[in-house]
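In my numbering, the protein residues as written are 346 to 784. Right, one structure below, let's go through it.
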Amino acid sequence: GEGMLILYHVTAGPDWSDLPFSGVFVDMLRRTIAAGNGEAVPDEQGLYTPVLSLNASGQLVQADAHAAPLQASDFAITIPSQASPPGFYQGPAGIRALNVAAGYDPVAVSQWPASARLLGDAEAKTMRLGGLLIALALLVLALDIILALALAGRLPRLSRRATSAMVFALAGLSVLGTPLADAQSIDPKSQEAQAALDMRLAYIETGDARTDRATRAGLTGLSLILTRRSSVEPAEPFAVDPETDALDVYPILFLSLPDNPEPFSPQAVAHLNAYMRNGGALFIDTRRGGDIAGPNSFEGLSTTLEGLDTPQLTPVPPDHVLTRSFYLLDEFPGRYSGRRLWIEASVAATPGERRGDGVSRLFVGDADYLAAWAVDERGRPLYSVDGGDQQREMANRFGINLVVYVLTGNYKEDQVHLPALLERLGEEDQPGPGEEVIP
Numbered sequence: 346g347e348g349m350l351i352l353y354h355v356t357a358g359p360d361w362s363d364l365p366f367s368g369v370f371v372d373m374l375r376r377t378i379a380a381g382n383g384e385a386v387p388d389e390q391g392l393y394t395p396v397l398s399l400n401a402s403g404q405l406v407q408a409d410a411h412a413a414p415l416q417a418s419d420f421a422i423t424i425p426s427q428a429s430p431p432g433f434y435q436g437p438a439g440i441r442a443l444n445v446a447a448g449y450d451p452v453a454v455s456q457w458p459a460s461a462r463l464l465g466d467a468e469a470k471t472m473r474l475g476g477l478l479i480a481l482a483l484l485v486l487a488l489d490i491i492l493a494l495a496l497a498g499r500l501p502r503l504s505r506r507a508t509s510a511m512v513f514a515l516a517g518l519s520v521l522g523t524p525l526a527d528a529q530s531i532d533p534k535s536q537e538a539q540a541a542l543d544m545r546l547a548y549i550e551t552g553d554a555r556t557d558r559a560t561r562a563g564l565t566g567l568s569l570i571l572t573r574r575s576s577v578e579p580a581e582p583f584a585v586d587p588e589t590d591a592l593d594v595y596p597i598l599f600l601s602l603p604d605n606p607e608p609f610s611p612q613a614v615a616h617l618n619a620y621m622r623n624g625g626a627l628f629i630d631t632r633r634g635g636d637i638a639g640p641n642s643f644e645g646l647s648t649t650l651e652g653l654d655t656p657q658l659t660p661v662p663p664d665h666v667l668t669r670s671f672y673l674l675d676e677f678p679g680r681y682s683g684r685r686l687w688i689e690a691s692v693a694a695t696p697g698e699r700r701g702d703g704v705s706r707l708f709v710g711d712a713d714y715l716a717a718w719a720v721d722e723r724g725r726p727l728y729s730v731d732g733g734d735q736q737r738e739m740a741n742r743f744g745i746n747l748v749v750y751v752l753t754g755n756y757k758e759d760q761v762h763l764p765a766l767l768e769r770l771g772e773e774d775q776p777g778p779g780e781e782v783i784p
């Protein structure tokens with residue numbers, strides 16, 4: 346009554362799965378046999394045959410044909426040798442390891458020769474340039490002495506050929522001694538440099554740690570799904586401070602409002618206004634679209650928008666490019682469904698603005714989109730979604746549409762006129778009265 350039933354839910358053939366044809370299935374059966382208690386062979390009985398052996402380079406290789414099996418009772422006291430090499434052995438109780446130095450204690454060297462010099466890991470990896478720098482300094486000093494003597498007229502007159510050779514030698518040394526420099530020194534580790542080299546999504550830090558973590562996880566999930574499904578391959582998202590950081594290297598900024606949002610500083614407002622005037626887009630999510638949020642899901646939005654050059658907003662029309670920039674969508678769900686997304690009512694550029702092909706510079710929603718996109722370090726969803734996996738999939742599709750729309754603009758709008766263009770081209774191809782068609 347204390348037995349154990351082990352079921353492999355596959356057939357012996359490939360009707361359901363190709364597992365029976367794999368070596369894994371054989372190992373599974375062996376472990377099943379070893380797990381049995383009724384007729385198990387005691388560990389002191391039977392043979393252990395070598396499976397993998399450790400070679401002289403410390404690598405596991407297929408066991409040699411000359412390696413002899415070991416009695417189970419002698420396995421623990423066996424000393425590795427050519428006949429019984431160290432490695433893995435298969436036996437009645439499964440796989441056991443015969444170690445090279447199983448019975449030896451680690452040796453700690455405490456006494457070193459007087460001439461030995463001990464180096465730490467960091468010091469051992471350091472390249473010593475002292476001798477090279479001294480030689481370079483002596484070379485520069487010698488050149489300086491030669492030039493000083495030449496200017497003072499104390500050097501013997503040289504032939505034209507010798508003078509030319511010296512000029513070329515000095516020019517070559519000057520090229521070798523001059524460090525390579527770019528037109529503008531850029532720190533490769535700076536955030537702005539990394540954002541300029543790789544396309545990234547960015548979010549505005551709010552000071553609320555919980556909200557910022559959720560926003561970062563949401564942009565990580567959106568970047569992952571973009572890389573998997575589209576040609577857009579964003580790098581790791583960055584957090585930005587609009588008061589001090591450069592914003593023009595990011596195509597779109599995301600802002601999730603905390604429970605008690607605070608207004609931007611005057612300097613941050615000026616930077617955000619300049620960012621949106623020059624083609625940047627700002628996506629604001631109030632995260633209050635749930636049933637428990639109350640009647641006003643945009644509470645606190647006016648505090649955030651204070652001072653910003655906010656355009657007139659309107660719900661996304663059914664025929665807007667955002668509904669077909671990548672996927673065909675008729676709604677834009679996030680963690681909550683049935684919510685409306687607001688965009689700029691008019692995308693006509695005013696004097697002094699550079700608009701990105703008619704892209705809205707402001708998006709406002711309350712469906713908690715970032716939570717629907719959020720994933721952990723293993724790519725698993727972090728937050729529940731009202732409509733389950735189906736709604737999460739639609740939220741991911743909206744995220745892809747949003748980024749593609751911001752990056753490409755209204756080029757999809759031209760498809761609306763495609764039938765008329767094709768019809769016009771067809772009319773132009775028709776021969777006119779009295780014209781002959783050459784077959």
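Note that the Cβ used here is the ideal one computed from N, Cα and C, for glycine as well. On a predicted model such as this, the values are computed, not experimentally measured, just so you know.
- Thr668 sits in a helix when the DSSP states are folded into three classes.
- If you look at Gln435, you'll find it in the beta strand (DSSP E) that goes Gly432 to Gly436.
- In the three-state reduction of the DSSP assignment, Glu689 falls in the strand class.
- With respect to Ala712, Gly771 sits apart: the two C-beta atoms are not nearer than 8 Å.
- 8 Å or more divides the Cβ of Ala413 from the Cβ of Val396.
- Using a 10 angstroms sphere on the CB of Leu350, the tally of other CB atoms stays under 16, which defines it as exposed.
- Secondary structure of Ser398 (DSSP, three-state): strand.
- Ile424 is classed as exposed because its beta carbon has fewer than 16 other beta carbons within 10 Å across all chains shown.
- Counting C-beta pairs with one atom in each stretch, the segment 578-596 and the segment 616-633 have three or more that are closer than 8 Å, which means they touch.
- Cα atoms of Gly358 and Ile378: separation of roughly 20 Å, rounded to the nearest angstrom.
- Using a Cβ distance threshold of 8 Å, Tyr393 and Met373 do not count as a contacting pair.
- The beta carbon of Leu600 lies closer than 6 Å to those of Ile549 and Ile629 in the same chain, with the five residues before and after it left out.
- Around the beta carbon of Gln390, fewer than 16 other beta carbons sit within 10 angstroms, so the residue counts as exposed.
- Closest option to Asn444, judged by alpha-carbon separation, among Phe420, Leu646, Leu602 and Leu592: Phe420.
- Leaving aside the five residues that flank Ser568 on each side, the residues in its chain whose CB is nearer than 7 Å to its CB run, in chain order, Leu546, Pro579 and Pro582.
- In this structure, Val666 and Tyr750 form a Cβ contact; the two beta carbons are roughly 6 Å apart against a cut-off of 8 Å.
- Its Cα nearest to that of Asp590, the residue Ser535 stands out among Arg555, Ser535 and Ala719.
- Per DSSP, Arg555 has no beta-bridge partner at all.
- Annotation: Thr565 to Thr572 spans about 11 Å, alpha carbon to alpha carbon.
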